[in-house]
DNA sequence: CAACTTGACGGAAACGTTTACGTCGCGCTT
DNA sequence: AAGCGCGACGTAAACGTTTCCGTCAAGTTG
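Residue numbers (the working numbering), protein chains in the order written: chain G, 1 to 327; chain D, 328 to 654.
As structure tokens, this is what we get:
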């Protein structure tokens, strides 16, 4: 049905080796025969069989991408970044959704291992030591740093610091913080940063503990916050912030008049809400692109020393923050 | 580095053919030797090389998925459905994002063609006749029907009919409709259905024309709606509805007291908004699953006659609709 | 008991490339 | 004029499976 390199070789009056060389950029072939071969190939509708090529070169030409939840807009942007950079490198991407389950990360990793040249693992829920390390393909982590691993993450510590500084500048002295899942590495960064900077900024931090990273988690966080003297609430992410705003409004607490709210991630949601959410901007698209770039580097030089890239974050001020009401 | 079937064969004292048979479910091999082979394979860390397998069987074991925009929550759910069903069938999925561009659909189709066993094309922006049809792999369309093509779509006509009936039952006699992009097949279905049923239900339909399927499009739609006597607005999708609600609120028009708003798709957004959005529920997860099922059928029997599956839709009533204010 | 089926297994030929190696002209040096 | 280097190209051996035959023993039938 589909034609092979032999067909093209015959038609162009050359050997299959020459056909192969005409298609691989590096091949030593004269310009005239290359043109001849390419023309003949087009006429016959020939394109190299990727399976055969992969069998001999060992390169599959595609990379794996593992995310906790595709429906989470946070990861959607990461995928788009990966996608774009991968397309330039003529790589296809194989995506796996793990439904937020750590075990599925390992399964996905294993089943992808033989199919791809390398894997990008976004916001892994697993502990690093639980990840299989015997599948000799490069792995790049997103939003998780670990010694000896390639990774690209964002400077969450700086982002929430900016949030705290801003809220303090508005006049808030009592700030509540709703943390996310304990396994979240980036969440840990945020908590640590807030603790570190609260004292030196002269704000009292009320840690509300860990809530689910969902709307419902946000509802709970709002009630917890109202039980403290806090006049501002920093949330684990935008979704929690939105949930909190909804609950606050429902309980007659006006945002930002009675309570300022800050989210994290700057997802699409933060622009949609009313009032629009002040949030910590996290580069997602760029993280995806950077991860592919790192993967390419580790693919090019198998024993390159892993780099841990950190992308900048910055506060995006919208309408959910304001000075506290004079009491 | 990695061991091959030959290594396993040698270790187990059998031939490579037997190793192959032990791994392919169908192979005629005695239970005892199969167990022996599998044990030896596990010990050596062997797993069949997918490239070699593909080269000879012609099956790649993965399917392609092309979507206009990964960041659109609408498609995210479709992917999750595809993902789930594909995992059961031990298939990996290769995803391509076309950035809403019709041309990229063709490019993606072509570059995927040799890599996958079949392709699922969600909400194609291209005209059917522009799609390449010479790449002899099965294609399943989502949310687009065309004679001679496999497809799974939703009964948008019924969904918006229900919306119209409901709004009419609440007492609205003047209803505005903001349509989406003209290339949208499903949008066409909605428009046609509204036109068909408006008269018989005794409602006057104000067609606002086509707006961008974005928040900004929704802002525009709101202004257009306010220029008509309409007391209810049906929007192309949830995003447009949200944009409209925002604009209406900004202009001092209370939703749903002064104006009822109905969205379409029942995306996550519709639950997040305040007030929560009444919307037409469209099965996305199920559509993804169904598409894979269809793909499997057409893979199993190459000249099966294409089926066009239609999934049910139903109105989800939330807080953005209410009886019109007595004037 | 001979002939025949049946099931388990090995040998070997594919599948369609890439690439190491060899050959062959051609132009250049000495 | 002989030797040499070099670029272009062909030959053939991989890559790791699956699968078509063929063989052989064990059971089954007439």
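No residue lacks a Cβ here, since even glycine has one placed at the ideal position from N, Cα and C.
Every value quoted in this text rests on a predicted model; they were computed, and no experiment measured them.
Residue i at chain G interface by Cβ criterion, 7 Å
i: residue 421 (chain D); result: yes
i: residue 405 (chain D); result: no
i: residue 435 (chain D); result: no
i: residue 410 (chain D); result: yes
i: residue 278 (chain D); result: The displayed coordinates of chain D run from 328 to 654. Any statement about residue 278 (chain D) would go beyond what the structure contains.
i: residue 416 (chain D); result: no
i: residue 377 (chain D); result: yes
i: residue 299 (chain D); result: Look at the range of chain D in this structure, 328 to 654, and you will see that residue 299 (chain D) is not part of it.
Neighbour list for residue i in chain G, Cβ cutoff strictly below 8 Å
i: residue 389 (chain D); result: 94, 115
i: residue 576 (chain D); result: 274
i: residue 528 (chain D); result: Within chain G, no residue comes near residue 528 (chain D); the closest Cβ sits about 32 Å away, beyond 8 Å.
Extent of the continuous alpha helix (DSSP H) run through residue i
i: residue 207 (chain G); result: Note, residue 207 (chain G): premise wrong, no alpha helix (DSSP H); beta strand (DSSP E) at 204-210.
i: residue 515 (chain D); result: 512-528
i: residue 542 (chain D); result: 542-553
i: residue 410 (chain D); result: 400-415
i: residue 570 (chain D); result: 565-577
i: residue 41 (chain G); result: 31-44
i: residue 335 (chain D); result: 332-339
i: residue 298 (chain G); result: 285-300
i: residue 20 (chain G); result: 16-23
i: residue 636 (chain D); result: Unbroken run through residue 636 (chain D) is the beta strand (DSSP E), 635-638; no alpha helix (DSSP H).
Buried/exposed call for residue i, threshold 16 Cβ in 10 Å
i: residue 447 (chain D); result: buried
i: residue 463 (chain D); result: exposed
i: residue 182 (chain G); result: exposed
i: residue 234 (chain G); result: buried
i: residue 127 (chain G); result: exposed
i: residue 634 (chain D); result: exposed
i: residue 143 (chain G); result: buried
i: residue 332 (chain D); result: buried
i: residue 544 (chain D); result: buried
i: residue 499 (chain D); result: buried
i: residue 465 (chain D); result: buried
i: residue 15 (chain G); result: exposed
i: residue 617 (chain D); result: buried
Within chain D, partners of residue i - CB distance below 9 Å
i: residue 216 (chain G); result: In chain order: nothing, as chain D lies at least about 11 Å away.
i: residue 44 (chain G); result: Result: empty, since nearest Cβ-Cβ is about 12 Å, beyond 9 Å.
Min CB distance residue i to chain D below 7 Å
i: residue 299 (chain G); result: no
i: residue 304 (chain G); result: no
Partner residues on chain D for residue i, Cβ-Cβ distance less than 8 Å
i: residue 295 (chain G); result: Going along chain D, no residue has its Cβ under 8 Å from residue 295 (chain G), so there is no contact; the nearest lies around 17 Å.
i: residue 277 (chain G); result: Residues of chain D passing the Cβ test: none, with the nearest at roughly 11 Å.
Heavy atom of the ligand COA within 6 Å of residue i beta-carbon
i: residue 265 (chain G); result: For the structure depicted, the ligand COA is absent and the ligand set is empty, with no information on it obtainable.
Start-to-end residues for the beta strand (DSSP E) that takes in residue i
i: residue 503 (chain D); result: 501-506
i: residue 101 (chain G); result: First-last for residue 101 (chain G): undefined, no H or E at that position.
i: residue 643 (chain D); result: 641-643
i: residue 118 (chain G); result: 118-122
i: residue 478 (chain D); result: 477-481
i: residue 115 (chain G); result: Premise fails: residue 115 (chain G) is in no beta strand (DSSP E) and is neither H nor E.
Contacts that residue i makes with chain D (C-beta to C-beta distance below 7 Å)
i: residue 97 (chain G); result: 407, 410
i: residue 47 (chain G); result: 441
i: residue 242 (chain G); result: 599
i: residue 141 (chain G); result: Within 7 Å Cβ-Cβ: nothing; residue 141 (chain G) doesn't reach chain D, min ~21 Å.
Interface residues of chain G facing residue i [CB-CB closer than 7 Å]
i: residue 400 (chain D); result: 71, 73
i: residue 365 (chain D); result: Correct list: empty, because the minimum Cβ distance to chain G is about 16 Å.
i: residue 546 (chain D); result: Those within 7 Å of residue 546 (chain D) in chain G number zero; the least Cβ separation is about 12 Å.
i: residue 448 (chain D); result: Within 7 Å Cβ-Cβ: nothing; residue 448 (chain D) doesn't reach chain G, min ~16 Å.
Per-residue contacts from residue i into chain G (C-beta, under 9 Å)
i: residue 573 (chain D); result: 272, 274
i: residue 560 (chain D); result: Chain G residues near residue 560 (chain D): none, gap ~17 Å exceeds 9 Å.
Whether or not the region 252-270 of chain G and the region 50-64 of chain G are in contact is what I'm after, with contact meaning three or more pairs of Cβ atoms, one per stretch, closer than 8 Å; do they touch? Touching, no.
Below 8 Å, can you find three or more Cβ-Cβ pairs linking the region 40-53 of chain G to the region 6-13 of chain G? Contact between the region 40-53 of chain G and the region 6-13 of chain G is present, with at least three C-beta pairs closer than 8 Å.
Do the region 108-127 of chain G and the region 428-444 of chain D make contact, defined as three or more Cβ pairs closer than 8 Å? Three or more Cβ pairs closer than 8 Å define a contact, and the region 108-127 of chain G falls short of that threshold against the region 428-444 of chain D.
For the 8 Å Cβ check, are there 3 or more pairs between the region 403-412 of chain D and the region 343-359 of chain D? Touching, no, given that fewer than three Cβ pairs across the two stretches are closer than 8 Å.
Are the region 221-230 of chain G and the region 167-181 of chain G in contact at 8 Å, needing three or more beta carbon pairs? Cβ pair count under 8 Å is three or more, so yes.
Touching by the beta-carbon criterion (3+ pairs, under 8 Å), the region 397-406 of chain D and the region 608-626 of chain D: Verdict: yes, contact present.
Counting beta carbon pairs with one atom in the region 470-484 of chain D and one in the region 512-520 of chain D, are three or more of them shorter than 8 Å? Short answer: they touch.
Any chance the region 198-208 of chain G sits against the region 237-256 of chain G, with 3 or more Cβ pairs inside 8 Å? No: fewer than three Cβ pairs fall under 8 Å.
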